Amino acid sequence: MSYMDKFSLEGKVALVTGASYGIGFAIATAFAKAGATIVFNDLRQDLVDKGLAAYKELGIDAHGYVCNVTDETAVNELVAKVEKEVGVIDILVNNAGIIKRIPMCDMTADEFRQVIDVDLNAPFIVAKAVIPSMIKKGHGKIINICSMMSELGRETVSAYAAAKGGLKMLTKNIASEYGEYNIQCNGIGPGYIATPQTAPLREKQADGSRHPFDQFIIAKTPAARWGNPEDLAGPAVFLASEASDFVNGHILYVDGGILAYIGKQP
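Heads up, the numbering used here is the position in the sequence shown plus 449, with the first residue counted as 1.
This is the structure:
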């Protein structure tokens, strides 16, 4: 096998949760271009259909399913169905997530629990569902989308930061518990990524100036720009491929250097 062949995902089945658009879609598209068969889920059939259409437009024959990843029974049924219809899952990306930007003292316990449920409990549920077949097959790759909020706090994101910090440690624990079975579990911590969800934060103001949050991010990022979903493609393919077989329990921050930077002196 040549060096570059180690980055191939040919013959692999990859489940990327919540990958009908955005970061998950970009990662799944990169996997498909590297040779993987793509499986994704979303909460409703109309969202799955939109995702299937988007993949088809790129020439990708993806498999989409309706599934709530916080429902353990539904997840177990999904994994069994994928194994029957597509094949055993070689690669899992726990991408599905939500954020609620609410000051901590204004957030209800139910709102906090909902974020924890989607961003932390769901990755536990889905990983637990795919690991047994990975063990039987003799290999597996799990990638958790952890966020810079695995390391940093900021106003209004207490639940999200708590969930992503927990996901970072779940990543390390899966690596610790299942590494002997040739299963590697790593995380990707995206920086601020230009997606439809962040578009309002990047809109020009009436006077032509940058949005204040846009100015803040550009000033804090050594790369002096927002990331693009495609910036995650290379790191994701690396962590999903044989090239990373001795990388386990690592969080790869794809953030343009934010976490390394104290900022310019005023």
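Where is the CB? At the ideal position from N, CA and C, for every residue including glycine. Small disclaimer: the values here were computed from a predicted structure and weren't measured.
Notebook entry, point to check: Rounded to the nearest angstrom, how far is the Cβ of P671 from that of Y641, given a contact under 8 Å?
Noted result: Actually they do not touch by this definition, with Cβ atoms about 13 Å apart.
Item checked: Rounded C-alpha distance that separates I667 from G676 -> 10 Å
Next item on the list: Counting only the same chain and skipping the five closest in sequence on each side, list residues whose C-beta sits under 6 Å from that of A481.
Entry: I487, I509
Margin query: Does K613 pass the burial test, meaning 16 or more other C-beta atoms within 10 Å, or should it be called exposed?
Written below: buried
Next item on the list: Might you give, ordered along the chain, the residues of its own chain that have their beta carbon closer than 6 Å to the beta carbon of N490, omitting 5 neighbours on each side?
Entry: T466, Y514, C516
Check: What number of angstroms, rounded off, separates the C-alpha of E506 from the C-alpha of G589?
Finding: 29 Å
Notebook entry, point to check: Do the stretch 592 to 609 and the stretch 658 to 666 make contact, defined as three or more Cβ pairs closer than 8 Å?
Noted result: no
Item checked: Cα-Cα separation, E652 to A685 -> 29 Å
Item checked: Beta-ladder partner(s) of P639, from DSSP -> V703
Notebook entry, point to check: Which same chain residues, not among the five before or five after R550, have their C-beta less than 7 Å away from its C-beta?
Noted result: T605, V606
Margin query: Quick check on DSSP: helix, strand or coil for C554?
Written below: helix
Next item on the list: Report the three-state DSSP secondary structure of Q633 (helix, strand or coil).
Entry: strand
Next item on the list: Pick helix, strand or coil for I711, following the three-state DSSP scheme.
Entry: coil
Margin query: Between the alpha carbons of G500 and L464, how many angstroms are there, rounded?
Written below: 14 Å
Notebook entry, point to check: Should E629 and I574 be called a contact, given that it needs their Cβ atoms to be closer than 8 Å?
Noted result: no
Check: Can the beta-carbon of V524 be found less than 8 Å from the beta-carbon of G473?
Finding: no
Check: How should S690 be labelled, buried or exposed, when 16 other C-beta atoms within 10 angstroms of its C-beta is the threshold for buried?
Finding: buried
Margin query: By DSSP's criteria, T486 is part of a beta bridge. Which residues make up the other side?
Written below: V462
Notebook entry, point to check: If you run the structure through DSSP and keep just helix, strand and coil, what is G657?
Noted result: coil
Item checked: Chain-order list of residues whose beta-carbon lies under 6 Å from that of S596 (same chain, five-residue window excluded) -> K613, G638
Note to self: Given this structure, state the Cα-to-Cα distance separating I623 from T519, to the nearest angstrom.
What the structure shows: 18 Å
Note to self: Looking at the strands, I want to know which residues DSSP matches up with N677.
What the structure shows: Its beta-bridge partners do not exist; DSSP assigns none.
Note to self: With H, G and I counted as helix, E and B as strand and the rest as coil, what does DSSP make of D491?
What the structure shows: strand
Notebook entry, point to check: Quick one, which of T647, I591, M553, A682 has its alpha-carbon nearest G602's?
Noted result: M553
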